[in-house]
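Q: Residue numbers (the numbering used here): 55 to 347.
Could you have a look at this structure, given as structure tokens, before my questions?
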């Protein structure tokens with residue numbers, strides 16, 4: 055993973071706006087001008103954006119050890135201190151927060167009163183590598199990636215990189231052991247396809263998901279990505295938004311439709327706002343947003 059840098063904490067408040075008009079074509083929408091705004095900055099390395107139905111965005115300042123809360127009106131504050139290197143975040147249908155804590159090497163769930171429950175921290179008696187990103191289906195099935203980057207490689211107990219499934223009743227299972235390191239993970243809008251970005255192979259693999267949350271039919275959905283794919287999300291029409299060299303937009307068939315340039319290299323993205331038409335982008339020291347009309 056890229057080294058972190060830049061000023062720590064929340065200096066340089068969220069009300070700073072810097073805009074870049076981008077000509078962007080996202081089929082089947084007509085061409086239009088999109089404004090990409092920097093809405094918060096002063097962090098060390100951001101990631102893990104997740105939109106809450108309660109009307110705010112959470113994202114991680116990973117080396118800063120914080121989960122940050124951002125409201126669309128620009129109000130920014132700390133949601134959780136001492137986050138154990140929280141990276142990926144996701145909300146379930148009940149509004150509970152799932153978090154990959156890379157430093158603690160575990161996956162947790164936080165209820166609305168702030169109580170934290172450990173969902174996964176070991177496989178076959180050995181500690182996980184460094185859980186990175188997570189997705190949760192409407193029926194409560196959670197899927198997360200467990201790569202290892204940088205110094206994390208030196209303390210591994212497992213001899214593989216994993217993609218895991220946590221069933222609603224808590225059972226943990228391995229669904230893939232890729233040769234390269236898995237990173238971003240997301241589900242299709244209908245929950246029937248699981249997508250996993252592989253940073254080493256520079257591709258995205260897809261898996262069919264059945265009613266019991268089990269996966270099958272592994273295949274490469276997107277290959278030859280320009281840049282290192284990190285986080286990924288799907289739009290309402292099934293298009294894939296891949297944080298790599300900018301935000302690359304692919305059709306469900308794997309065709310590159312467009313790329314959204316970002317001033318800093320993005321790490322992840324998530325849709326938000328009440329109509330879910332704003333793409334929030336975590337990129338190095340800052341949070342950006344693009345209004346997709």
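The beta-carbon is built from N, C-alpha and C at its ideal position, and this holds for glycine as well.
Model, not experiment: these values are computed from the prediction.
(1) Taking DSSP as the reference, what is the three-state secondary structure of residue 207?
(2) Between the segment 288-299 and the segment 260-273, do at least 3 Cβ pairs fall closer than 8 Å?
(3) Work out the CA separation of residue 244 and residue 80 for me, nearest whole Å.
(4) Taking buried to mean at least 16 other C-beta atoms within 10 Å of its own C-beta, is residue 344 buried or exposed?
(5) Starting from residue 97, trace the beta strand (DSSP E) both ways and give me its first and last residue.
(6) DSSP has residue 124 in a bridge; who is on the other side?
(7) Indicate the three-state DSSP secondary structure (helix, strand or coil) for residue 334 in the structure shown.
(8) Give the DSSP-derived three-state secondary structure of residue 150 in the structure shown.
(9) Flag residue 235 as yes if its beta-carbon sits less than 8 Å from any beta-carbon of chain C, otherwise no.
(10) How close, in whole Å, do the beta carbons of residue 295 and residue 91 come, if the pair is a contact with beta carbons under 8 Å?
(11) Taking only the alpha-carbon atoms, compute the straight-line gap between residue 86 and residue 303 and give it to the nearest angstrom.
(12) Can you tell which of 190, 199, 283, 166 has its C-alpha closest to the C-alpha of residue 175?
(13) Does residue 227 pass the burial test, meaning 16 or more other C-beta atoms within 10 Å, or should it be called exposed?
(14) Using a Cβ-Cβ cutoff of less than 6 Å, which residues in the same chain neighbour residue 138 once the five nearest sequence positions on both sides are dropped?
(15) Leaving out the 5 sequence neighbours to the left and right, which residues in its chain are closer than 7 Å to residue 308 when beta-carbon positions are compared?
(16) Using DSSP with H/G/I as helix, E/B as strand and the rest coil, what is residue 225?
(17) What did DSSP end up calling residue 175 once you bin it into helix, strand or coil?
(18) Which residues mark the beginning and the end of the beta strand (DSSP E) in which residue 267 is found?
(19) I need the straight-line Cα distance from residue 96 to residue 266, nearest angstrom please.
(20) Taking the alpha-carbon positions, what's the residue 247 to residue 189 distance?
A: From the atom records:
(1) Locating residue 207 in the chain shown gives position 153, where the first residue counts as 1. Helix, per DSSP.
(2) no
(3) As a position in the chain shown, residue 80 is number 26, starting the count at 1. As a position in the chain shown, residue 244 is number 190, starting the count at 1. Since pLDDT at residue 80 reaches only 36, below the 50 mark, its modelled position is unreliable, and no value is offered.
(4) Locating residue 344 in the chain shown gives position 290, where the first residue counts as 1. By the neighbour-count rule (16 or more Cβ atoms within 10 Å), residue 344 is buried.
(5) Within the chain shown, residue 97 is the residue found at index 43, counting from 1. Segment: none, residue 97 is in no beta strand (DSSP E) and carries neither H nor E.
(6) Numbered from its first residue, the chain shown carries residue 124 at position 70. Beta-bridge pairing links residue 124 to 111, 130.
(7) Counted from its first residue, the chain shown places residue 334 at position 280. Reduced to three states, the DSSP call for residue 334 is strand.
(8) Reading the chain shown from its first residue, position 96 is the one you call residue 150. Note: residue 150 maps to coil in three-state DSSP.
(9) Reference to chain C is not applicable here, since this structure consists of a single protein chain.
(10) Position 241 of the chain shown, counted from the start, is the residue given in the question as residue 295. Position 37 of the chain shown, counted from the start, is the residue given in the question as residue 91. Residue 295 to residue 91, Cβ: 17 Å. No contact.
(11) Here residue 86 refers to the residue found at position 32 when the chain shown is read from its first residue. Here residue 303 refers to the residue found at position 249 when the chain shown is read from its first residue. Unreliable positioning characterises residue 86 in this predicted model, as indicated by a pLDDT of 42, which lies under 50. A coordinate reading is not provided.
(12) Counted from its first residue, the chain shown places residue 175 at position 121. The residue with the shortest Cα to Cα distance from residue 175 is 199.
(13) Along the chain shown, read from residue 1 onward, the residue named residue 227 stands at position 173. Its Cβ having fewer than 16 others within 10 Å, residue 227 is exposed.
(14) For the purposes of this step, residue 138 is identified with residue 84 of the chain shown, where counting begins at 1. 155, 157, 158.
(15) By 1-based counting over the chain shown, the position of residue 308 is 254. Taken in chain order, the residues that qualify are 275, 276.
(16) Taking the first residue of the chain shown as 1, we reach residue 225 at position 171. Note: residue 225 maps to coil in three-state DSSP.
(17) Walking along the chain shown from the start, residue 175 turns up at place 121. In the structure shown, residue 175 sits in coil (DSSP, three-state: anything other than H, G, I, E or B).
(18) Start at 1 with the first residue of the chain shown, and residue 267 comes out as number 213. Careful: residue 267 lies outside any beta strand (DSSP E) and carries neither H nor E.
(19) Counting from 1 along the chain shown, the entry for residue 96 is found at position 42. Counting from 1 along the chain shown, the entry for residue 266 is found at position 212. The alpha-carbon atoms of residue 96 and residue 266 are separated by roughly 42 Å.
(20) Mapped onto the chain shown, residue 247 falls at position 193. Mapped onto the chain shown, residue 189 falls at position 135. Cα-Cα distance, rounded: 12 Å.
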